[in-house]
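Colleague:
Chains as they are written, first to last, in the numbering used here: chain A, 29 to 270; chain B, 34 to 331.
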């Protein structure tokens, strides 16, 4: 039992990294599309909450850097590179589109979807993986402060809340040692809050990762509101709009 | 463009300091200066009673050199039993798990030294390179060579392969499968193997945790792959695994190794309620030893 606990402590460091490379590695990219022809750079930090014995319960530290562009008034394209993965010799990128499907007259609420692909390749054995992803969110501006300028009324500060889901898909039929892959989708409900401040956006997001899957017997102690199922991810994102 | 430029620089900087996680597979402690055995005050794998005590005269501290990865290393091991009987009797080579060093596993060695009666079988327990008093760094290659050095020592003392039982626990199942699966590469090869709480591979570990089909190469360089090595093993197998093993799941690790085995005979001992480390205790030391003895003597 004692060895188990000790190994566990060490292996946490090993496995936490593997775990955060799933859809848990970043918050939603663009819940609301950017302005037409607007550029933005973004960064994110955070991951699933896990207990590292003898250390603490922490969100696993996963980081990414990204770029977005407002292709159309309702369409933003984006790409991100995952810097924590790079440290471990894994090239990881995602690229996707955020498409606004609906918004109300005042543009204070809307629904968007973000199909994306996640690409991975390690520099050691050149193993490649591609996982499609689909996120969808409903957003709602509950407060904003605007000022008049030459273009009319322009929002300067907005607080918005969003709720939706993230889903990642594994298209492979088998996993290690030709065992059947039974987890073809990881579905994760999420909610978050964004403070939009002039050129800066600050986002805090909570993701309930695979709340229907057991989190037992897998080395790492995830913290989940559902006890023995799933994990809870906490993420902080920051975006600078150029 | 400026933003892209900054992003590119940041990525390059982070990529250039890439690390691998192999080191975390080995939880070695080489800070000790001597083996203290029963007087060891650190944590140990199990608590066994005085009925499993072994006499000082039966404890032999041995050292032997190995050459691995271009280095000559001095490896330390403990043999319990009558040295003179190595040439005529059956010997167990115990390959311990990933924690600390031989002192940590000393209670287990005492258990096996009492298998079928006091000193019925000699038991050799090797500290892999980087563990305990053994020199070097803990790597996969060094671990195999440390075990091979132990095999050479046994062979030099008169042991033959037909009288060797190799027993691996957790990490120690890797050298056990490696030796049994590739007998021509080692000084001796076992006539039977025992795997307690084996792990299938680091890939299974990663995929268990991530749910997705990530390859192990994203995190480690080690090639330990018991699920594949076991396919080459052609000697009888005893598999022991706690059904409540919350570290190496009996389903994704143990059963895979057991099911992939295609040798002459295999025996499974599933221990209800047993976790990763405590199966001997949960099963009861007497029952646990009886199962092992049955396997060896049959």
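Where a beta carbon is used, it is the ideal one built from N, C-alpha and C, also for glycine.
#1: Across the stretch 248–262 of chain B and the stretch 275–282 of chain B, are there enough close Cβ pairs to call them in contact, namely three or more that are closer than 8 Å?
#2: Return yes when at least one heavy atom of the ligand ATP lies under 7 Å from the C-beta of residue 246 of chain B, else no.
#3: Name the two residues that bound the continuous beta strand (DSSP E) containing residue 260 of chain A.
#4: For residue 64 of chain B, is the classification buried or exposed, using 16 other Cβ atoms within 10 angstroms of its Cβ as the cut-off for buried?
#5: Quick one: list the residues of chain B neighbouring residue 211 of chain A, beta-carbon separation under 8 Å, in chain order.
#6: Do you know whose CA, among B:58, B:128, B:160, lies nearest residue 223 of chain B's CA?
#7: Quick one: which residues of the stretch 219–253 of chain B get their C-beta closer than 7 Å to a C-beta of chain A? List them in chain order.
#8: Between which two residues does the alpha helix (DSSP H) containing residue 166 of chain B stretch?
#9: Going straight from the alpha carbon of residue 210 of chain B to that of residue 66 of chain A, what length do you get?
#10: Within this structure, are the beta carbons of residue 59 of chain A and residue 167 of chain A separated by less than 8 Å?
#11: For residue 107 of chain A, which of helix, strand or coil comes out of DSSP?
#12: Indicate whether at least one CB of chain B lies closer than 8 Å to the CB of residue 118 of chain A.
#13: Could you run through the stretch 192–225 of chain A and flag, in chain order, every residue whose CB is less than 8 Å away from some CB of chain B?
#14: Roughly how many angstroms lie between the CA atoms of residue 104 of chain A and residue 94 of chain A, to the nearest whole one?
#15: From the beta carbon of residue 49 of chain A, is the nearest beta carbon of chain B less than 8 Å away?
#16: Could you tell me the distance, in whole angstroms, from the CA atom of residue 74 of chain A to the CA atom of residue 218 of chain A?
#17: Would you say residue 168 of chain A reaches chain B, if we count a Cβ-Cβ gap shorter than 8 Å as a contact?
#18: Do the CB positions of residue 98 of chain A and residue 64 of chain A come within less than 8 Å of each other?
#19: For residue 66 of chain B, which residues in the same chain have their Cβ closer than 6 Å to its Cβ, ignoring the five residues on either side in sequence?
#20: List the residues of chain A whose Cβ lies closer than 9 Å to the Cβ of residue 289 of chain B, in chain order.
#21: Give the interface partners of residue 120 of chain B over in chain A, defined as CB-CB distance under 8 Å, in chain order.
#22: For a cutoff of 8 Å on Cβ pairs, would you count residue 260 of chain B as touching chain A?
#23: Within the continuous beta strand (DSSP E) that includes residue 305 of chain B, where are the two ends?
#24: What residue from A:76, A:266, A:110, A:106 has the CA that sits closest to residue 221 of chain A's CA?
#25: Check whether the Cβ atoms of residue 144 of chain A and residue 161 of chain A sit closer than 8 Å, and answer yes or no.
#26: Indicate whether residue 265 of chain B and residue 220 of chain B have their beta-carbon atoms separated by less than 8 Å.
#27: Quick check: residue 227 of chain B and residue 325 of chain B, are their CB atoms within less than 8 Å of each other?
#28: Roughly how many angstroms separate the alpha carbons of residue 311 of chain B and residue 79 of chain B, rounded to a whole number?
#29: Report all residues from its chain with a CB closer than 6 Å to the CB of residue 321 of chain B; omit the five preceding and five following residues, and keep chain order.
#30: Which chain B residues are close to residue 152 of chain A, counting only those with a beta carbon under 7 Å from its beta carbon?
#31: Less than 8 Å between the CB atoms is what I'm expecting for residue 131 of chain B and residue 203 of chain B, so what's the real figure, rounded?
#32: Cβ of residue 316 of chain B less than 8 Å from any chain A Cβ?
#33: So is residue 98 of chain B buried or exposed if we call it buried at 16+ other beta carbons inside 10 Å?
#34: Going residue by residue through the stretch 99–159 of chain B, where are the continuous alpha helix (DSSP H) segments of at least 4 residues, counting only ones entirely within it?
#35: If you draw a straight line from the alpha carbon of residue 294 of chain B to that of residue 125 of chain A, how long is it in whole angstroms?
#36: Within the same chain, show all residues whose beta-carbon is closer than 8 Å to that of residue 91 of chain B, passing over the 5 residues directly before and after it, in chain order.
Modeller: In short:
#1: no
#2: Inclusion of the ligand ATP in the displayed structure is not the case, the ligand content being empty and no account of it being possible.
#3: 257–269
#4: exposed
#5: 244, 245
#6: B:128
#7: 233, 234, 236, 237, 238, 239, 240, 241, 242, 243, 244, 245, 246, 247, 248, 250, 251, 252
#8: From DSSP, residue 166 of chain B is part of no alpha helix (DSSP H); its letter is neither H nor E.
#9: 59 Å
#10: yes
#11: strand
#12: yes
#13: 196, 198, 200, 202, 203, 204, 205, 207, 209, 211, 214
#14: 13 Å
#15: Low local confidence applies: a pLDDT of 45 at residue 49 of chain A is under 50, so the model's placement there is unreliable, and no value is given.
#16: 14 Å
#17: no
#18: yes
#19: none
#20: 204, 205, 207
#21: What residue 120 of chain B touches in chain A: nothing, since even the nearest Cβ is about 34 Å away.
#22: yes
#23: Premise fails: residue 305 of chain B is in no beta strand (DSSP E) and is neither H nor E.
#24: A:266
#25: yes
#26: no
#27: yes
#28: 7 Å
#29: 313
#30: 250, 254
#31: 6 Å
#32: no
#33: exposed
#34: 135–146
#35: 48 Å
#36: 113, 114, 115, 146, 152
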